[in-house]
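Written below as structure tokens is the structure these notes are about.
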Amino acid sequence: MAQQPSVYTTDHATSVLQTHKWRTVANSAAYLIPYLKPGMTILDIGCGPGSISIDLARLTPDSHVTGIDVADPLAEARASAVALGVNNVEFKVGDIHALDFPDDSFDVVHVHQVLQHISDPVKAIREMRRVAKPGGIVAARESASMEWFPESAGITAWRDITGKVSRAKGGNPHPGSGIHSWAREAGFERSQITCSTGSWCFSSNEERAYWGGSMAERALSSGFAKIAVDGGYATMEELKDISNAWLDFVDDDNAWFGLLHGEINVRFAGRKLPGAMQAQRHASQAQSRLPKRMSLSPRVAQPNPRTSESGKPVRRRQDGPFGGMNLKEAGIRGVPEFQRTSRTDSKGNDREGGKTNRREGYHALKMQRALAPVSYNSRTAVKERLQQIDSFKKFQLLPSVQESIEAQALKGLEDVMPTAVQRLTIPALLGEVSKHQRKKTAKAEREDFLIAAETGSGKTLSYLLPVIDAVKRAEQQDADVEEYNKMKQEEELKQNNLTLVSPPLTNMPHPTTGRPRAVILLPTSELVSQVGTLLKSLSHTVKFRSALISSSVSGKVIRNRLFSPGGVDILVSTPHLLASIAESDPNILSRVTHLVIDEADSLLDRGFSPLTSEIIDKSNPSLQQLILCSATIPRSLDSFLRKRFPDIRRLTTPNLHAIPRRVQLGVVDVERDPYRENKNLACADTIWSIGKSAADHEGPDKNAVDLKHVLVFVNEREKTQEVAEYLVTKGINAVALSRDTPEHRASEILADFTSSEKLTVPRGENPGSLADNQPNYLPFGQEAPPSKRNLPNMKVLVTTDLGSRGIDTLAVRHVILYDVPHSTIDFIHRLGRTGRMGRRGRGIVLVGKNDRKDVVREVKEGMFKGQALI
8 MAQQPSVYTT DHATSVLQTH KWRTVANSAA YLIPYLKPGM TILDIGCGPG
58 SISIDLARLT PDSHVTGIDV ADPLAEARAS AVALGVNNVE FKVGDIHALD
108 FPDDSFDVVH VHQVLQHISD PVKAIREMRR VAKPGGIVAA RESASMEWFP
158 ESAGITAWRD ITGKVSRAKG GNPHPGSGIH SWAREAGFER SQITCSTGSW
208 CFSSNEERAY WGGSMAERAL SSGFAKIAVD GGYATMEELK DISNAWLDFV
258 DDDNAWFGLL HGEINVRFAG RKLPGAMQAQ RHASQAQSRL PKRMSLSPRV
308 AQPNPRTSES GKPVRRRQDG PFGGMNLKEA GIRGVPEFQR TSRTDSKGND
358 REGGKTNRRE GYHALKMQRA LAPVSYNSRT AVKERLQQID SFKKFQLLPS
408 VQESIEAQAL KGLEDVMPTA VQRLTIPALL GEVSKHQRKK TAKAEREDFL
458 IAAETGSGKT LSYLLPVIDA VKRAEQQDAD VEEYNKMKQE EELKQNNLTL
508 VSPPLTNMPH PTTGRPRAVI LLPTSELVSQ VGTLLKSLSH TVKFRSALIS
558 SSVSGKVIRN RLFSPGGVDI LVSTPHLLAS IAESDPNILS RVTHLVIDEA
608 DSLLDRGFSP LTSEIIDKSN PSLQQLILCS ATIPRSLDSF LRKRFPDIRR
658 LTTPNLHAIP RRVQLGVVDV ERDPYRENKN LACADTIWSI GKSAADHEGP
708 DKNAVDLKHV LVFVNEREKT QEVAEYLVTK GINAVALSRD TPEHRASEIL
758 ADFTSSEKLT VPRGENPGSL ADNQPNYLPF GQEAPPSKRN LPNMKVLVTT
808 DLGSRGIDTL AVRHVILYDV PHSTIDFIHR LGRTGRMGRR GRGIVLVGKN
858 DRKDVVREVK EGMFKGQALI
């Protein structure tokens, strides 16, 4: 069962239900049997025709079993229960992503082959965890792999096509080997999870007839067949061949088919609160701490502790009037520990009477920690150093690089001043030594830097300028390049002379052909295009060669750009593409002196980390500077950096992990009138309010109004198209952007939202409000007609987190969070699309019945105070 029915690729055709009805607790959920007891409350999610649900009810007398699924198979499930005389089971329509049950409702929450069909299994497991009682069981069983004998081209084609169809619809055909990791992401501790395996085997005549016959029928007459043909994954002829292959499997008495499953049993620890506090308990208090990759690190600016020659840690100085601030415990030496803590007992009770108040900081987020103590002198020195830099001319950049800043990078801005991160980063990357820094006795083989600054602060330019400067300086000292340029000049001189000369003796390519000096890695093709465009504009003044390659361009274009006879100085790419090229041509990284890993929290996460680490290792022999850059530093990344790069220099700004105070956050309660849990209507009404306010404002030109750009963020890519289509029916110019959007189309869409040019449209009739364009009364079940008016001064982009990272949306002043983000990291990146480079912005979050209102409240409070959301 899935949040979107279309994700379930095989639907509930007769052939599908035939295989589902064969399932029992014994053959499909035996790992649950040791945990079953009489009198339990059990939830079976994705129950289908109800065979497992009914079996669970029969095995546990005096229990109550609830089976949920989409509407299609439930009538058959109810009929089966009546026919078998099982009366302690009920079947309901339900959604695994939003279970309609209170917290702590069930002793056992079970799912079988459901997570593999949905796009957000972690969210589903969180819901399962929410409705499980403390001490209860959350159990899942998913397909892991399959084997068969003898070899069959038709069955192989069936496996490949089902995998493509499943992935295209947002599913994962065989996730069984990794469901325990999903459970950990959902908030369970590793010690709570028990892993096991189970299998199906079909070899007897009856088993082959059952399995092969149903598969043969599915190939031609189920939802899978329609999706495969309509989506271009297979032709009808190919499906007929697959069906015949399964029939051959049935007839072959030597045939065998096996399916391996991954299983997890999770004992939900939970905790009960005494007395009246139990009634006031919020769901947030029952949750475990988020995984390290989803919670922010509080000690990004703190380097690894220094050690003395004997190996002991060097005690930090705390000079100045504020040197001892921000400590959780006074550093009083000579006082025994028991004396310092004797005022309270082990339970936190004040020995003089009363209770100590231990609740401080963020409660719902559970991520607030005391900041690392920084000496007063150190903080003062950093502030003084940054205040001394009030112009880009204070940096020791080449004249051509200096010229490119105003001419290209910050063209059109009146007040061209470096931001805090640029003041901090550019001198460090240029190797400038101030009076506050110690001179190194010998130059290190490689320098590692971490640039950590808030969103929209100018991080990209802070590393581009020093990298370009280093490339140009290296070019002046490169003997190979000097020899190449000399040969080119001689050839041009000969060609200019009107004399017959022999052709050049060599067609030697440029030394940097296919051998860039600097590489910039980014996680998406959209970011590659954005950074590559900025590089191209800078090259008009500085004169260097850059190339951007990603999956959005063809292989021929990639080859021409990378191996251009004129060479390439700076390459911008994604890790997947560059790692693939480096595998066939290892020398491509042989001359790299500067490697930049932008959006480091993504590129050093599990999905990208192996490829990114491989690129770092291959570049290491020639690498002079490794630069990591990110707006959020999760605890997992912080721990990784301390182990892998212990001497990394941390360049962090004071507002790291904080949403700028110039961004205001508003909250729309979708539960109240007139929305009544209709988020689509609330979103449309909010956009109409923004558009009407803009239309009422009179600018210099009374016949024109400013064109406003709005970003709407949803948590699931299937929702992007749905919300965009709804907004269009309400007269709003809206488009959707997700991984399903063709890349050339994505670039066109983003161009409207990344331009800094102020646009206007002709002033028309006042649009009024959304309510003015809708009838006051609608019969139950009837949808509202299309809007009679439209908003000509609004452009809306509905997107997922694809549009939240790194995209420089200068044109955006309003961000709407249709769904409450899963973590503060997502809050920071999504709200970071507005209020960029010192501009003002506004975020609006739509909060419904099942959303975390406490988290939204604390984020809003933190934004008001300018605090880091850690």
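Residues in the sequence shown are numbered consecutively from 8, following this note's numbering.
Where a beta carbon is used, it is the ideal one built from N, C-alpha and C, also for glycine.
If you're wondering where the values come from, they're calculated on a predicted model, not measured in any experiment.
Closest option to alanine 477, judged by alpha-carbon separation, among Ala416, Asp576, His821: Asp576.
Taking 8 Å as the upper bound for CB-CB distance, valine 549 and lysine 479 are in contact here, some 7 Å apart. Membership of glutamine 671 in the beta strand (DSSP E) is indicated by the continuous run 670-676.
Annotation for glutamate 621: Ala586 place their beta carbon closer than 7 Å to its own, counting only its chain and skipping 5 residues before and after.
With fewer than 16 other Cβ atoms from the protein chains shown falling within 10 Å of its own Cβ, cysteine 208 counts as exposed. Taken in chain order, the whole beta strand (DSSP E) runs of length 3 or more contained in the stretch 529-597 are 553-555, 577-580. Cβ-Cβ distances below 8 Å link serine 553 to Gly539, Leu542, Lys543, Ser546, Val575, Asp576, Ile577, Leu578, Val579 in the same chain, with the five nearest sequence neighbours on each side left out; the list follows chain order. Arginine 613 has its alpha-carbon roughly 15 Å from the corresponding atom of isoleucine 604. A straight-line Cα-Cα distance of about 11 Å links threonine 761 and glycine 810.
Using a 10 angstroms sphere on the CB of histidine 829, the tally of other CB atoms reaches 16 or more, which defines it as buried. Between the alpha carbons of serine 745 and leucine 757 lies a gap of roughly 12 Å. If you ignore the 5 residues before and after leucine 853, its C-beta comes within less than 6 Å of the C-beta of Val675, Val677, Lys686, Ala689, Tyr825, all in its own chain and listed in chain order. For the set Arg651, Lys400, Arg568, the Cα lying nearest the Cα of aspartate 455 is the one of Arg651.
Threonine 169 sits in a helix when the DSSP states are folded into three classes. Methionine 870 sits in a helix when the DSSP states are folded into three classes. By the criterion of at least three beta-carbon pairs nearer than 8 Å, the stretch 263-272 is in contact with the stretch 185-200.
When rounded, the separation of the alpha-carbon atoms in serine 597 and methionine 844 is 36 Å. Here asparagine 179 is buried: its Cβ has 16 or more other Cβ atoms, across all protein chains shown, within 10 Å.
A distance of 7 Å or more separates the beta carbons of glycine 177 and serine 250.
Spanning the alpha carbons of isoleucine 168 and proline 749 requires a straight line of approximately 21 Å. For phenylalanine 98, DSSP records a beta bridge to Gly74. If you draw a straight line from the Cα of glycine 265 to the Cα of arginine 191, it is about 28 Å long. Annotated as proximal: serine 35 and histidine 119, with beta-carbon spacing under 7 Å. In terms of Cα proximity to leucine 468, the closest of Glu224, Met494, Pro425 is Pro425. Rounded to whole angstroms, the Cβ separation of histidine 124 and serine 150 is 10 Å, and the two are not in contact under 8 Å. Between glutamine 874 and alanine 638, the beta carbon gap of about 16 Å keeps them out of contact (Cβ cut-off 8 Å). In the structure shown, lysine 44 adopts coil according to DSSP, grouped into three states.
Every alpha helix (DSSP H) stretch that sits fully inside the stretch 812-858 and reaches 4 residues is listed by chain position as 831-838.
Leucine 718 places its beta carbon less than 7 Å from that of valine 819. From the listed residues Leu81, Lys171, Tyr682, the smallest Cα separation to glycine 239 is found for Lys171. Going by DSSP, phenylalanine 399 is part of no alpha helix (DSSP H) at all; its letter is neither H nor E. For isoleucine 655, the closest of Phe156, Gln632, Thr73 by C-alpha to C-alpha distance is Gln632. Aspartate 692 carries a helical assignment under DSSP once its states are collapsed to helix, strand and coil. Of all C-beta pairs linking the stretch 157-165 to the stretch 97-111, fewer than three are shorter than 8 Å, placing the two stretches out of contact. Just measuring C-alpha positions, the residue of Gln409, Arg225, Arg215 sitting nearest aspartate 255 is Arg215.
Residue state for tryptophan 207 is assigned as strand, using DSSP reduced to three classes.
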